[in-house]
Every structure is written in C-alpha cells, then in structure tokens.
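Input: a single structure, listed below in structure tokens.
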DNA sequence: CGTTTAAACGGGGCATCGCTCCACTTAATG
DNA sequence: CATTAAGTGGAGCGATGCCCCGTTTAAACG
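What follows is the structure, given as structure tokens:
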C-alpha cells in the first residue's frame, strides 16, 4: 500500500470512529468522506461497503473479547466468568448505535465483512457456556447460538432509547434464567 | 371525505398491506403509491409519514389485542393467561418485518402516530402482569415497561432471519424467568 | 536526477429515497 | 348547470450509497 493511501486509510478510520459514535452506525458515508477531506471514491475503495468499515472499526475490540474469554476460562467460578463476559460482550456489541442488526445478519452471510468477527464472538461465548454447563451452573438446554441471540437481543434493547432504563434490570432477569439458582436471583415468591 | 378520496384511501391501504408483507415495514412508499395507481402526493396526504400508514394497518390488530387481554383477565390461571397473551402480542408486533423499531421509538414520542397504540399495548400487558403478580405467579420486580421491553426484544429477535430458529426456545427460557416455577420449566440441574 | 507507470485520488453521475408544493381536475351542492 | 372546495398527481428538492473514469502523484528504475 502506498504511503498516501495508508495515511488516508487511517485518517478515514479515525474520522469514522468519531462520527459513528455521534450518529450511530448508519451515519452518512458521504459525511465521513467529507470530514476526512477525501472524495467518495477514496472512501469506497478502502471500504467497499458500510460493513467493511464497521468491521475495521470493531475488529480489535472483538479480538480483545475473544482473548478475554480465554482468560475467563481459567477462572474458577464458571458462572461468574460467563456472566461478566456477557456483560463485556454486550458493551462491545453496543459500541456504536445500530451495529447489532448488521452483525446478526452477518452471522449467516459468509460474504459479509463482519461474518468472521461474529463467528468468533459466538465461538468465544459458546466455550464459556459449555464450561458453566459442565459444572451444572448453566441451563443445559442452550448452545452458542442461543447465547449469541440473547446477547444480540440485549444489545438491541440497550440501543433503543426508550428501553435503556430497563436494560440492566432485564439483563439481570435473563441472567437468572441462564444461570439458575444464583445469589441475588429470583426474589422469594416461590410460595406461589 | 369525498367518495374518490375514500376509495383511494382504502385502495392504498390494501396495496400497502400486500407490499409491507413482502418487503417489510421499510418498503418504498413510492412503490406503494405506484402500485396503487396514485401519485406520491395522494399517498402522503392520506398518510403523512410511514408511521401513520403503519398505524392505520395495525390499529385493528392492536385493538383486538387489548380486547383479548380483557378476556384473559377473567381466566383463572393468571400465569397461563399472561403467557398466551405474550405469545399473541409478539405475533401481532411481528405482523410486518421491521415494525418493532418504530413502535419502540413511538412509546416515548407522543407526536408519533403509533404512540397511542403502543401505550395501549403496554397497558394491556401491565394488567395481566399485575394480576399474575398478585397471585404470586410472576416475578414481583417487573412492571409494564419491563414487559413491553421483553415483548419488543423477543419480537425483534423473531424478526432477524438468522435468529428465527432460536426464537421459540428463547421465548420459553424468558417465560421461565418471568413466571418462575412453572411446569416444563428449568430442567433439573439444581444439584449444581 | 529524470522518466515512467501503476496505484491512488476525487468528484460528477446515477438511481433511489421520503417528503413538499402547486397547477390542475372533479365530486358534490344549491 | 354553475360554483367551489376537496382531492389529485407528478415535478422538484435535498440526501443517500455506490460506480466510473479522467487526473494526479508516489515510488521504482535507468
């Protein structure tokens, strides 16, 4: 890659990071190009689609998340490991408003630039889930796909302004369902 | 309303129903107008925004859902009443691909044409929830907003093609969390 | 250091979108 | 039948993602 190309590539990425943080994942690509001081053509050659741009922005975060899963796999408490990784995964998948939908679409679309990132994410989660299941801490009737779907749903929830105030609470409720019998769980109404 | 206006109004609605079923809630309004044989201006006067069109399409379904909640409130088993209403609510909010996002946005936006429909929906759910809570069948730490958020998340989930195969299963898991201790619930791994 | 050449550039262009505006048509009334 | 207000439809606006291609420029070579 030529030096001027590299410079533009990096600069576009930096500008995109800013603009997507403000306006969400569907910010205008033209705006990004303009703000970066390059032409539309330049942006679209470096990042042929919006997803390619998102992938470049999220790649390092996903890698960190996978690494983090590796660390947590060595933690004794498999349930808490899964729980805190879930929390982190949701934070990451929520880096930019509106990224969740393209991510979900990408997991079955092998042509998408986001595909491998999503597969990695599911894989990392599945590992932690299986460990918690082996120790009898997590529901046995779930797999990596279910976990991925739950993360997606919770991240989407946290992305809808009217639902934000409920996001943490619902996370707790769903965590109860995935990891039954944890402390602080379902308050005592077993008397029914 | 003049007779020709009424005819156009009804015809647009019929065409919209078809086209939105195929292409989802973000189908092109121009296409709808063209297919209905009217001009853009005509469509936009009858339905100033996409949400107004959605509202007209969903109104009767929402009303039916509210009425259904009234019936179910007389059912003895408050937990099963809530459960089957939830199922129906998700089906309705999933009538057209992509309706959920505008609906969620509308619940805090009083200027939206969809606002009152959403408020009605939340209200109906809250009633059934409170009844189940009073009988000690549902988690006490939830309210109508939480339920609305859960319905939204589950409907969104069922709207993402890659997640569809998991939708029913996750519904069951979350239902377990909302109505703890039901039969068929969390399979026996309490030994942990 | 000058020449060459392929990589990189940028912006004009295309089709599409939601929505507005307004000159025209037409249903309904007295 | 004349009047008139309600209704119509399509041209037009600004914006979008993405393509195309004439022009510029970095960098390798003699």
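Chains as they are written, first to last, in my numbering: chain P, 1 to 192; chain B, 193 to 384.
All residues carry an ideal CB built from backbone N, CA and C; glycine is no exception.
Contact between the region 68–76 of chain P and the region 44–52 of chain P is absent, with fewer than three C-beta pairs closer than 8 Å. Around residue 348 of chain B, the beta-carbon contacts reaching into chain P at under 7 Å are 153, 156.
Around residue 303 of chain B, the same chain offers no residue with a beta carbon nearer than 6 Å, after the five sequence neighbours per side are excluded. With a threshold of 8 Å between beta carbons, residue 300 of chain B makes contact with chain P. The Cβ of residue 296 of chain B sits closer than 8 Å to at least one Cβ of chain P. The beta-carbon distance between residue 284 of chain B and residue 253 of chain B, rounded to whole angstroms, is 5 Å. This is short enough to meet the 8 Å contact definition.
Straight through space, the alpha carbons of residue 216 of chain B and residue 357 of chain B are spaced by roughly 19 Å. Within chain B, the residues 338, 341, 342 have their CB atoms less than 7 Å from the CB of residue 170 of chain P, given in chain order. At least one CB atom of chain P sits nearer than 8 Å to the CB of residue 368 of chain B. Here the alpha carbons of residue 9 of chain P and residue 1 of chain P stand approximately 10 Å from one another.
Secondary structure note for residue 361 of chain B: its alpha helix (DSSP H) is the uninterrupted segment 356–370.
Annotation: residue 120 of chain P to residue 153 of chain P spans about 18 Å, alpha carbon to alpha carbon. Comparing C-alpha distances from residue 129 of chain P to each of P:5, P:115, P:150, P:39 shows the shortest one belongs to P:150.
The residue among P:38, P:167, P:26 with its C-alpha nearest the C-alpha of residue 7 of chain P is P:38.
In this structure, the CA atom of residue 339 of chain B is about 17 Å from the CA atom of residue 307 of chain B.
For residue 90 of chain P, there are no C-beta contacts with chain B under 8 Å, since the nearest C-beta of that chain is about 12 Å from it. Pairwise C-beta distances place the region 323–338 of chain B in contact with the region 355–374 of chain B, as three or more of them are shorter than 8 Å. The beta carbons of residue 42 of chain P and residue 56 of chain P sit no closer together than 8 Å. Contact of residue 358 of chain B with chain P by beta-carbon distance below 7 Å involves 145, 146, 149. Per DSSP, residue 239 of chain B lies in no alpha helix (DSSP H) and is assigned neither H nor E. Taking a Cβ-Cβ cut-off of 9 Å, residue 224 of chain B has no neighbours in chain P, whose nearest Cβ is about 23 Å from it. Each residue's CA atom was taken as its position, placing residue 5 of chain P and residue 160 of chain P some 37 Å apart. By the neighbour-count criterion, in which 16 or more other beta carbons inside 10 Å mark a residue as buried, residue 64 of chain P falls on the exposed side. Under the 8 Å criterion on CB atoms, residue 365 of chain B is classed as interfacial with respect to chain P.
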